[in-house]
Structures are given as structure tokens and as C-alpha cells.
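Trainee:
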Amino acid sequence: MTTYADQQTPETSEELKVIPIQNKESARYCWVCFATDEEDTEAAWVRPCNCRGTTKWVHQSCLQRWVDEKQKGGNLGKVTCPQCQTEYIIVFPNMGVLVLLLDTVDSFIYKGCPFLAAGIVVGAIYWCAVTYGAITVMQVIGQKEGLTIMEQADPLVLLIGLPAIPVALVLGKMIRWEDALLNFMRKNLTKIPFIRNVLPFRIEVATNTESSNENDLPPLSNPVSATRVLCGALLMPTIANMFGKFFFDSVKSNFHRTILGGLTFIAIKGCLKIYHKQQQYIRQCQRKIWTILNLIFLLIYIVIDETNKKLINRKFCIATY
Ligand SMILES: [Zn+2]
Ligand SMILES: [Zn+2]
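Be aware that the sequence shown starts at 1, since it is given in this note's numbering, and climbs by one per residue.
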């Protein structure tokens, strides 16, 4: 950009052209926009840090733009030179007490809002837990009985007791009693013929596979899924209520019926889970990875088998004629 220099009188334009050639080493060069003295003669220059050499100089406006980008809109926060890590000294004009006060309030609100938001979320979760607890009490004991008990109870007991219900359900759901029982059965009940027939145990499984090393066998328990635990725990009272109504309709007490329903559900689900886990375990133990040759042999076998069947059918047709 020699346009500005061109507009000058011949003497000044000659001077400007000469200077960079004489002091090529000391020519100023902005590390943000890469412009030199020659290209932008009006811009204000600044040396804000301890850098030497080509990154020593920068345009005031370019550096301010760069600082704005680093501070992401806010005028707070330290900004350092990317080369020498010197902190830039940013001086603001004095705008009076009111602006200073507003700045302080603004920064206070900016810093406080994340904590406030976290508090609101925790509060919302707490009140959800209280509501869930109250609904569960009415589900288990019965609507009228539950309401009268909650009306008579101390508010403090309710505020602690009701949210403890979903927490207790989730903690209870996390007890993996099926795994413990299955492990116990695998270790101790292999000698009982009936259970042996229902659940083939590891000893038999391990001898079928080529490697009977315990470390090679798949792990007993699946990883815990948080969403599964949460859903299972929170749906438990509803399912218990349904099972109670279905299996124990003759029981008059709502509480006893729901408890019995819940226990029945846990028992049925536990048995199915143990059976499924054992079957999965056996499948894992007996799996094999095939070579390509295995597959080719299988295909050849299928083709031969099909042609044999066709031949037999044809012979049969001829015979009937
Ligand atoms: Zn620049
Ligand atoms: Zn620097």
C-alpha cells in the first residue's frame, strides 16, 4: 500500500522510501496484521512486552482487537503475550464511582450465578424427591391412609423422610443379590442333580472348552447402568402395587398386599435373571471364532446336502411313477 506515500510531496515520499532500506533490521512490523511502517503510516504503534526481534512491535488497534478476542467480550481477566508471556498492562480511563460500582455488581452477579443455578437444580431435585416419596406412601399404604398419616406426621420428619424413599429405593436396587446368589450356586450347589439340570454349571462348561483357565472365562456380572438402576428403582412401587393387586387380591391391607407383590416381583425377576445370566455365560464360554476355511467347508456341505435332497426327491418321483 503505497497510496498514502504517493499522495505526499516528492521530498517526504522519498524520505519514507529511503528509511526502510537504511534500517531494514529496525523496521516496524505488526505481528497481528503483518503490516509494516510503509504500509500503514497513520496507525499508532506499541511495544507492550519483553519480546525482541520481529514480534516486538504491534499496532495499538490490532492488539486491542486481539485482547478483545482473548477476553471473549468481557473486560476482565489477564491477557499475556503469546511469545514471552508478559502480562499486558491495560489502563482504563477513570469513569467515576457509579461505573465502578456497577462494574463490581456486574462481576459479583457473573460469579454468583453458577452457584445460584446449581442451588436451583439441587432444590428442584429435592422437591421432586419429596413429591415422589409422598406418591409412593399413598401407593403403598393406600390413598386415604397415606394422606392421614402424612397430615399427622411432623413436617420435619416428612421433609427428611419423604425424599429418603427414592434414595433408599435406588440404593436397594444397587444391591446385586442375584450375582451373589448365582456365584454361591455355582460354587456350592453343583452336586444337587435337580439344579444341575436346570442350570449347567461352570465345571461342565469349562471342561467343554479347550481352556479351563478361570481367567479366560467371561466375567460374572455386567457393568451397572445408571439409567437402568434409576428406572428400575423408581418404577418399583408401581410394579409392586400391580403385582399385589394381581396375585394377592384377597389380602385386605393395602400395605401388606403391596409388600407381598413387591417380594413376588423381586423373586420372579431374580430367578429369570439368574437363568438368563447363566445361559449367557455358557454361550460366552462355548463361543469359537472361525477361520475362513470353516466357513467354506460349511458352504460346501450345505450345497452338497441340497443337491442330495433334490436327487432323493427325483428318485422318489420316478419310483412313484
Ligand atoms: Zn497491525
Ligand atoms: Zn512478548
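Positions of the beta carbon are idealized from the N, C-alpha and C atoms, including for glycine.
Per DSSP, what kind of secondary structure is E87 in: helix, strand or coil?
Mentor: strand
Trainee: Going by beta-carbon coordinates alone, are P237 and Q139 separated by less than 8 Å?
Mentor: yes
Trainee: Whole angstroms are fine: how far does the CA of I192 sit from the CA of G232?
Mentor: 33 Å
Trainee: Please state whether the Cβ-Cβ distance between V32 and L63 is less than 8 Å.
Mentor: The Cβ atoms of V32 and L63 lie closer than 8 Å to each other.
Trainee: Check whether the Cβ of A27 sits closer than 7 Å to any heavy atom of ligand 1, and report yes or no.
Mentor: For ligand 1, not one heavy atom lies less than 7 Å from the Cβ of A27.
Trainee: Just checking V91 against ligand 1 - is the residue's beta carbon closer than 7 Å to any of the ligand's heavy atoms?
Mentor: With a cut-off of 7 Å, the C-beta of V91 is classified as distant from ligand 1, since no heavy atom of the ligand falls inside that distance.
Trainee: Sorry if obvious, but does the Cβ on N50 come closer than 7 Å to a heavy atom of ligand 2?
Mentor: yes
Trainee: In three-state terms, what does DSSP make of R65?
Mentor: helix
Trainee: So is F108 buried or exposed if we call it buried at 16+ other beta carbons inside 10 Å?
Mentor: Exposed: under 16 other Cβ atoms inside 10 Å.
Trainee: Is N254 buried or exposed, if buried means 16 or more other CB atoms sit within 10 Å of its CB?
Mentor: buried
Trainee: Is W45 helix, strand or coil when you go by DSSP?
Mentor: strand
Trainee: Check the C-beta distance from I289 over to E178 and give it rounded, since I have them as a contact under 8 Å.
Mentor: About 30 Å separates the two Cβ atoms, so there is no contact after all.
Trainee: Could you say if the stretch 134-149 and the stretch 99-113 meet the contact criterion of at least three C-beta pairs nearer than 8 Å?
Mentor: With a cut-off of 8 Å, the stretch 99-113 and the stretch 134-149 do not count as touching, because too few Cβ pairs lie within range.
Trainee: May I ask whether a heavy atom of ligand 2 can be found less than 7 Å away from the beta carbon of Q64?
Mentor: no
Trainee: On the three-state DSSP scale, how would you describe E291?
Mentor: With the sequence shown as reference, residue 291 is identified as Thr, and Glu is not the correct amino acid for it. Coil.
Trainee: Using the rule of at least 16 other Cβ atoms within 10 Å of the residue's Cβ for burial, across every protein chain shown, is H59 buried or exposed?
Mentor: buried
Trainee: As a quick exercise: from Y126, V224, G133, Y281, pick the residue whose alpha carbon is nearest that of M174.
Mentor: Cα-wise, what sits closest to M174 is V224.
Trainee: State the DSSP-derived secondary structure class of V224, mapped to helix, strand or coil.
Mentor: Coil, per DSSP.
Trainee: Could you name the residues that DSSP lists as bridge partners for V58?
Mentor: V46
Trainee: Could you check whether the Cβ of Q83 sits closer than 7 Å to any heavy atom belonging to ligand 2?
Mentor: yes
Trainee: I believe L230 touches G244 by the beta-carbon criterion, under 8 Å. Please report the beta-carbon distance rounded to the nearest angstrom.
Mentor: That belief does not hold up - the Cβ atoms of L230 and G244 are roughly 23 Å apart, past 8 Å.
Trainee: What span of residues does the alpha helix (DSSP H) with I192 cover, start to end?
Mentor: Boundaries cannot be given for I192, as no alpha helix (DSSP H) includes it and DSSP labels it neither H nor E.
Trainee: Quick one: does the C-beta of T41 sit closer than 7 Å to a heavy atom of ligand 2?
Mentor: no
Trainee: Relative to the alpha-carbon of E38, which residue among N50, V46, P48, A27 has its alpha-carbon at the smallest distance?
Mentor: With distances taken between CA atoms, E38 lies nearest to A27 out of N50, V46, P48, A27.
Trainee: Identify, in the order they occur along the chain, each residue of the same chain with its Cβ nearer than 7 Å to the Cβ of L158, setting aside the five sequence neighbours on each side.
Mentor: Apart from sequence neighbours up to five positions away, the residues of its chain that approach L158 with a beta-carbon distance below 7 Å are M150, ordered along the chain.
Trainee: Strictly by DSSP, which residues pair up with T80?
Mentor: T80 is bridged to E87.
Trainee: Taking the straight line between their C-alpha atoms, what separation do you get for Q85 and L156?
Mentor: 57 Å
Trainee: Alpha carbon to alpha carbon, how far is I239 from F265?
Mentor: 8 Å
Trainee: Leaving out five residues before and five after F247 in sequence, what residues of the same chain have Cβ atoms less than 8 Å from its Cβ?
Mentor: L260, G261, T264
Trainee: Please classify R283: is it buried, with 16 or more other beta-carbons within 10 angstroms of its beta-carbon, or exposed?
Mentor: Classification for R283: exposed.
Trainee: Looking at N241 and T227, is the spacing between their C-beta atoms short of 8 Å?
Mentor: No.
Trainee: Among C51, K187, S61, N313, which one has its Cα closest to the Cα of T80?
Mentor: Each of C51, K187, S61, N313 was checked against the Cα of T80, and the nearest Cα belongs to C51.
Trainee: Determine the direct distance from the alpha carbon of A134 to that of G77, and round the result to whole angstroms.
Mentor: The straight-line gap from Cα to Cα measures roughly 48 Å.
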